[in-house]
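K.L.:
Top line first, the protein sequences correspond to chains A and B. Residue numbering for the first sequence follows full-length UniProt numbering, starting at 1 and increasing by one per position. Residue numbering for the second sequence follows full-length UniProt numbering, starting at 1 and increasing by one per position. The C-beta atom is built at its ideal place from N, Cα and C for all residues, glycine as well. Below is the structure I would like to discuss, written out as structure tokens.
Number of protein chains: 2
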Amino acid sequence: MSTNNKRNVDMDTVDRKLLIELLRDARTSLRRLSEEMNVSPATLHNRLTRLVQEGIVRGFTALVDYTKLGYSLSAVIMAKVDGKHLTEFEREIASSDNVVAVYDVVGEYDVVIISKFKNVEDLDAFLKQLLKNPKIERTYTSIVLNVVKEDPRIKI
Amino acid sequence: MSTNNKRNVDMDTVDRKLLIELLRDARTSLRRLSEEMNVSPATLHNRLTRLVQEGIVRGFTALVDYTKLGYSLSAVIMAKVDGKHLTEFEREIASSDNVVAVYDVVGEYDVVIISKFKNVEDLDAFLKQLLKNPKIERTYTSIVLNVVKEDPRIKI
DNA sequence: AGTGAAAAGCACTCGTT
DNA sequence: AACGAGTGCTTTTCACT
């Protein structure tokens, strides 16, 4: 009954180096990279197309300092949810504009939600909306005082 | 004694639209965008340079499906840390290759850590290393069974 | 699957307003 | 601060291997 159809993929040195460089700077030019790597630009273009098609690369984005845009408030919310409705609840919560991450976890709680807000009112409204959901048995909210690190990149 | 020198910045419609488009696709061309927006490519180029200089844009990256690269294990770790050493501890933990996020929170715990691993052994080693740190009074680890959502982009 | 070559597209700079 | 135009890069395609 798992819906997880992900599989690990063969990646050679070229794919790996390409991925590392795009993680470092998504706007870098394939041409310059191709010179460094002693392959043709066309090859890198093909490799990148394949990485995107296979879903290894989900897209390219700008990393933004949200505090400078007024999103000064983050929250880590843990919730215990009625098992029958967990998947539905997660889908619901993941579609929210304020939510950057949703993790299905094991332990005292079932879901961990990372969310961002412009002010206390917005966070309050989000939490109130959440709490009136009858699928939720219990929540624990940690208000984030300081985002020490937030970077989707890990060393691959 | 705050080290938070972040400030909110004036962003007009052009900045905002540029940012939204780069969040959507960081490899998009400024020229095409400039046509959509009825400004010159040179203006967009200047705007983007300014956004980067001001630190609103921290960089550009590829969004990667880490499960497809073998990082099938994530963990949400909460820690209660001796107050005197909190900042030092956070700096330490944030520099780890396996850590994508570190949040300074208020409540029962002081720090929330989001981390990724290839296997149970690596997670185990990370946790053991963490637990032998005398600054830590208490931890709570939630093993992530499923990453429902993980996307640094919020609607701005 | 990788390549070179060519055409189309693009970034970046600078002088002008 | 925004622009237009020019120069040199870059992507993308495609026929060939």
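Hey, is Asn46(A) close to the ligand ADP, as in C-beta under 8 Å from one of its heavy atoms?
P.N.:
With respect to the ligand ADP, the structure shown offers nothing to examine, as it has no ligands at all.
K.L.:
For Val111(A), count neighbouring Cβ atoms within 10 angstroms of its own Cβ and tell me buried if that reaches 16, exposed if not.
P.N.:
One-based indexing of the first sequence puts residue 111(A) at position 111. So Val111(A) counts as buried.
K.L.:
Can you find a C-beta in chain B that's less than 9 Å from the C-beta of Pro41(A)?
P.N.:
On the first sequence, position 41 is the one that residue 41(A) refers to. Output row for Pro41(A): interface = no.
K.L.:
What are the residues in the segment 55-82 of chain B lying within 9 Å of chain A by C-beta distance?
P.N.:
Gly55, Ile56, Val57, Arg58, Gly59, Phe60, Thr61, Ala62, Leu63, Val64, Asp65, Tyr66, Thr67, Lys68, Leu69, Gly70, Tyr71, Ser72, Ser74, Ala75, Val76 and Met78
K.L.:
With a floor of 4 residues, list each alpha helix (DSSP H) that falls wholly inside the segment 107-151 of chain A, ordered by position along the chain.
P.N.:
120-131
K.L.:
In this structure, does DSSP put Tyr103(A) in helix, strand or coil?
P.N.:
Your numbering for residue 103(A) matches position 103 in the first sequence. Strand.
K.L.:
Shorter than 9 Å from the beta carbon of Ser34(B) to some beta carbon of chain A?
P.N.:
Here the question's residue 34(B) lines up with position 34 in the second sequence. Not one chain A Cβ lies under 9 Å of Ser34(B).
K.L.:
Using a Cβ cut-off of 8 Å, pull out every chain B residue sitting near Ile136(A), in sequence order please.
P.N.:
Locating residue 136(A) in the first sequence gives position 136, counting from the first residue. Ordered by position in chain B, no residue passes the 8 Å Cβ test against Ile136(A), which lies about 15 Å from the chain.
K.L.:
Please confirm if Lys84(A) has its CB atom under 9 Å from at least one CB of chain B.
P.N.:
Here residue 84(A) refers to the residue found at position 84 when the first sequence is read from its first residue. Not a single C-beta of chain B is nearer than 9 Å to the C-beta of Lys84(A).
K.L.:
Would you say Asn98(A) and Asp124(A) are within 9 Å of each other, going by their C-beta atoms?
P.N.:
Position 98 of the first sequence, counting from 1, holds the residue named residue 98(A). Position 124 of the first sequence, counting from 1, holds the residue named residue 124(A). Not closer than 9 Å, so no.
K.L.:
Within the chosen definition, does the segment 44-58 of chain A reach the segment 134-150 of chain B through at least 3 CB pairs nearer than 8 Å?
P.N.:
no
K.L.:
Comparing alpha-carbon positions, which option in Val76(B), Gly83(B), Leu19(B) and Asp65(B) lies nearest Val52(B)?
P.N.:
Taking the second sequence and counting its residues from 1, one reaches residue 52(B) at position 52. The residue from Val76(B), Gly83(B), Leu19(B) and Asp65(B) with its alpha-carbon nearest to that of Val52(B) is Leu19(B).
K.L.:
In chain order, what residues of the same chain lie with their CB nearer than 6 Å to the CB of Met78(A), ignoring the 5 residues before and after it?
P.N.:
One-based indexing of the first sequence puts residue 78(A) at position 78. Excluding residues within five positions, the ones whose Cβ falls inside 6 Å are Tyr109, Val112 and Tyr140.
K.L.:
Cα separation between Ile136(A) and Gly107(B)?
P.N.:
Walking along the first sequence from the start, residue 136(A) turns up at place 136. Walking along the second sequence from the start, residue 107(B) turns up at place 107. Answer to the nearest angstrom: the Cα atoms are 21 Å apart.
K.L.:
Under 8 Å by Cβ, that's how I've got Leu22(A) and Thr28(A) pegged, so tell me the actual separation to the nearest angstrom.
P.N.:
Residue 22(A) sits at position 22 when you count from the first residue of the first sequence. Residue 28(A) sits at position 28 when you count from the first residue of the first sequence. Sure, about 7 Å apart at Cβ, within 8 Å.
K.L.:
Mind checking whether Asp100(A) and Lys116(A) have CB atoms under 9 Å apart?
P.N.:
Here residue 100(A) corresponds to residue number 100 of the first sequence, with the count starting at 1. Here residue 116(A) corresponds to residue number 116 of the first sequence, with the count starting at 1. Just to set this straight, residue 100(A) is Val in the shown sequence, not Asp. Yes, these two residues count as a Cβ contact at 9 Å.
K.L.:
Please check the pair Asp25(A) and Arg47(A), which I expect to be a contact at CB under 8 Å, by giving their CB distance rounded to whole angstroms.
P.N.:
Here residue 25(A) is taken as the residue at index 25 of the first sequence, counted from 1. Here residue 47(A) is taken as the residue at index 47 of the first sequence, counted from 1. Rounded, the Cβ-Cβ distance is 17 Å, inconsistent with contact.
K.L.:
Given a cut-off of 9 Å on the beta-carbon distance, is the pair Val66(B) and Ile154(A) in contact?
P.N.:
The sequence position of residue 66(B) within the second sequence is 66, counting from 1. The sequence position of residue 154(A) within the first sequence is 154, counting from 1. Per the sequence shown, the amino acid found at residue 66(B) is Tyr instead of Val. Result yes, Cβ atoms of Tyr66(B) and Ile154(A) sit closer than 9 Å.
K.L.:
List the residues of chain A that Asn98(B) touches, going by C-beta distances under 7 Å, in chain order.
P.N.:
Taking the first residue of the second sequence as 1, we reach residue 98(B) at position 98. Residues of chain A passing the Cβ test: Ile154.
K.L.:
Between the C-alpha atoms of Lys128(A) and His85(A), what's the straight-line distance to the nearest angstrom?
P.N.:
Position 128 of the first sequence, counting from 1, holds the residue named residue 128(A). Position 85 of the first sequence, counting from 1, holds the residue named residue 85(A). Going from the Cα of Lys128(A) to the Cα of His85(A) covers about 19 Å.
K.L.:
Relative to the C-alpha of Gly70(B), which residue among Ile93(B), Val120(B), Ser40(B) and Asp82(B) is closest?
P.N.:
Position 70 of the second sequence, counting from 1, holds the residue named residue 70(B). Taking only the C-alpha atoms, the option nearest Gly70(B) is Val120(B).
K.L.:
How close, in whole Å, do the beta carbons of Asp81(A) and Val105(B) come, if the pair is a contact with beta carbons under 8 Å?
P.N.:
Mapped onto the first sequence, residue 81(A) falls at position 81. Mapped onto the second sequence, residue 105(B) falls at position 105. Note that residue 81(A) corresponds to Val in the displayed sequence, not to Asp. No, Val81(A) and Val105(B) are not in contact; Cβ-Cβ is about 21 Å, not under 8 Å.
K.L.:
Applying a beta-carbon distance threshold of less than 7 Å, which residues of chain A neighbour Leu22(B)?
P.N.:
For the purposes of this step, residue 22(B) is taken as residue 22 along the second sequence, with counting starting at 1. Here the neighbours are Ala62.
K.L.:
Using only alpha-carbon positions, find the residue among Leu30(B), Glu36(B) and Ile114(B) that is nearest to Thr49(B).
P.N.:
In the second sequence, the residue the question calls residue 49(B) occupies position 49. Out of Leu30(B), Glu36(B) and Ile114(B), Leu30(B) has the C-alpha closest to the C-alpha of Thr49(B).
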